[in-house]
Amino acid sequence: MQLHAQVQVDGFPIVPAVVAAVVLVPVIWFVVTLNRFIRLKNLIHESWSNVDVVLRRRYDLIPNLVESVKGYAQHERSTFEAVISARNRAAANHGRIRDQADDENELVHCTNQLLALAERYPDLKASENFLQLQRELVNTEDRIAAARRFYNANVREHNTLVQQFPSMIVARLMSRREEDFFEVEDHAVRATPQVQGILTRGANP
237 MQLHAQVQVD GFPIVPAVVA AVVLVPVIWF VVTLNRFIRL KNLIHESWSN VDVVLRRRYD
297 LIPNLVESVK GYAQHERSTF EAVISARNRA AANHGRIRDQ ADDENELVHC TNQLLALAER
357 YPDLKASENF LQLQRELVNT EDRIAAARRF YNANVREHNT LVQQFPSMIV ARLMSRREED
417 FFEVEDHAVR ATPQVQGILT RGANP
């Protein structure tokens, strides 16, 4: 009777409660962490889909931009070919995110060279069609930047869980690895200063 009294407080069994807590707490933590990984996986897929949508909009705009410039600078053939080639490579790349980022950087570099041609052709700078395409491109670049930030934020949270202990245990059980960031190394892509600058100057020839 004395032993029975030691494991109870006001009729509540202490030892079974401790055992239950020891078992249940890790199980609850595991389930919560598992659900976090599932939620982040879905968010990463969804946010990348948003990036892909605005990238496709950029791909649609660039051929029109090239044709607009061609009307005033037909002899700049090498620049046009470089832009279209870079555009086609980027549009066809469905591999690793880091590889797609490399192609996107090359595309923006070539597009900036195309836009720089406007400085040599005052009539092109004054063309309403060209200016409208620039405005649409700037707007698209802003959307890409916003979608990229959202995607990278989800990747950052996911990768932190993969790297940290004890959540890395769940990551290994789920075969979860670090996701690629969609990094843009060229500063001109982040701020689009050349696009915006040409737009501003073009609007006031």
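In my numbering, the protein residues as written are 237 to 441.
Beta carbons are placed, not taken as given, at the ideal position from N, Cα and C, and that holds for glycine.
For clarity, every value in this text was computed on a predicted model and none was experimentally measured.
For residue i, the three-state DSSP class (helix, strand or coil)
{"i": "Y410", "result": "The identity of residue 410 in the sequence shown is Met, whereas the question assumes Tyr. Coil."}
{"i": "P262", "result": "helix"}
{"i": "H311", "result": "coil"}
{"i": "Q349", "result": "helix"}
{"i": "V287", "result": "helix"}
{"i": "S304", "result": "helix"}
{"i": "V268", "result": "helix"}
{"i": "P252", "result": "helix"}
{"i": "S363", "result": "coil"}
{"i": "H394", "result": "helix"}
{"i": "N341", "result": "helix"}
{"i": "P299", "result": "helix"}
{"i": "N329", "result": "coil"}
{"i": "E415", "result": "coil"}
6 Å CB neighbourhood of residue i in its chain, flanking five on each side removed
{"i": "Q336", "result": "N329"}
{"i": "P299", "result": "none"}
{"i": "A322", "result": "E342, L343 and C346"}
{"i": "F386", "result": "S283"}
{"i": "V254", "result": "none"}
Inter-residue CB distance, residue i and residue j (contact presumed, cutoff 8 Å)
{"i": "L217", "j": "N390", "result": "Any answer about residue 217 is impossible in this case: the structure gives the chain only from 237 up to 441."}
{"i": "D339", "j": "A326", "result": "4 Å"}
{"i": "V398", "j": "T269", "result": "Going by Cβ atoms, the distance from V398 to T269 rounds to 11 Å, so no, they are not a contact pair."}
{"i": "V287", "j": "L360", "result": "About 31 Å; that fails the 8 Å criterion."}
{"i": "F366", "j": "A354", "result": "7 Å"}
{"i": "M410", "j": "F273", "result": "6 Å"}
Contact set for residue i: own chain, Cβ-Cβ below 7 Å, skip 5 residues either direction
{"i": "R379", "result": "V290"}
{"i": "H394", "result": "L276, I280 and E415"}
{"i": "H423", "result": "Below a pLDDT of 50, predicted positions are generally treated as unreliable, and H423, at 36, falls in that range; the measurement from the model is reported next regardless. Answer for H423: no residue qualifies."}
{"i": "R412", "result": "F273 and V398"}
{"i": "F266", "result": "V406"}
Reference residue i; option with closest CA among the options
{"i": "A381", "options": "V420, V302 and L360", "result": "V420"}
{"i": "T347", "options": "Q370, G331 and R332", "result": "Q370"}
{"i": "V302", "options": "Q349, E282, N271 and M404", "result": "Q349"}
{"i": "R392", "options": "P262, E312, E364 and F418", "result": "F418"}
{"i": "C388", "options": "P262, E282 and V254", "result": "A small fix is needed here, since residue 388 is Asn in this sequence, not Cys. Of the candidates P262, E282 and V254, the one whose C-alpha sits nearest the C-alpha of N388 is E282."}
{"i": "A352", "options": "R334, E312 and F266", "result": "E312"}
{"i": "I264", "options": "S403, R413, P252 and G307", "result": "S403"}
{"i": "A362", "options": "I320, V374, G307 and F401", "result": "G307"}
Residues near residue i in its chain [Cβ-Cβ closer than 8 Å; skip 5 each side]
{"i": "R293", "result": "T376 and R379"}
{"i": "E372", "result": "L297"}
{"i": "R356", "result": "A309"}
{"i": "R332", "result": "D416"}
{"i": "S285", "result": "none"}
{"i": "Y445", "result": "As shown, the chain starts at 237 and ends at 441. That puts residue 445 outside it, with no answer to give."}
Residue i CB to nearest heavy atom of the ligand NAP below 7 Å
{"i": "E355", "result": "Summarising the ligand content, the structure contains no ligands, and the ligand NAP is consequently not present."}
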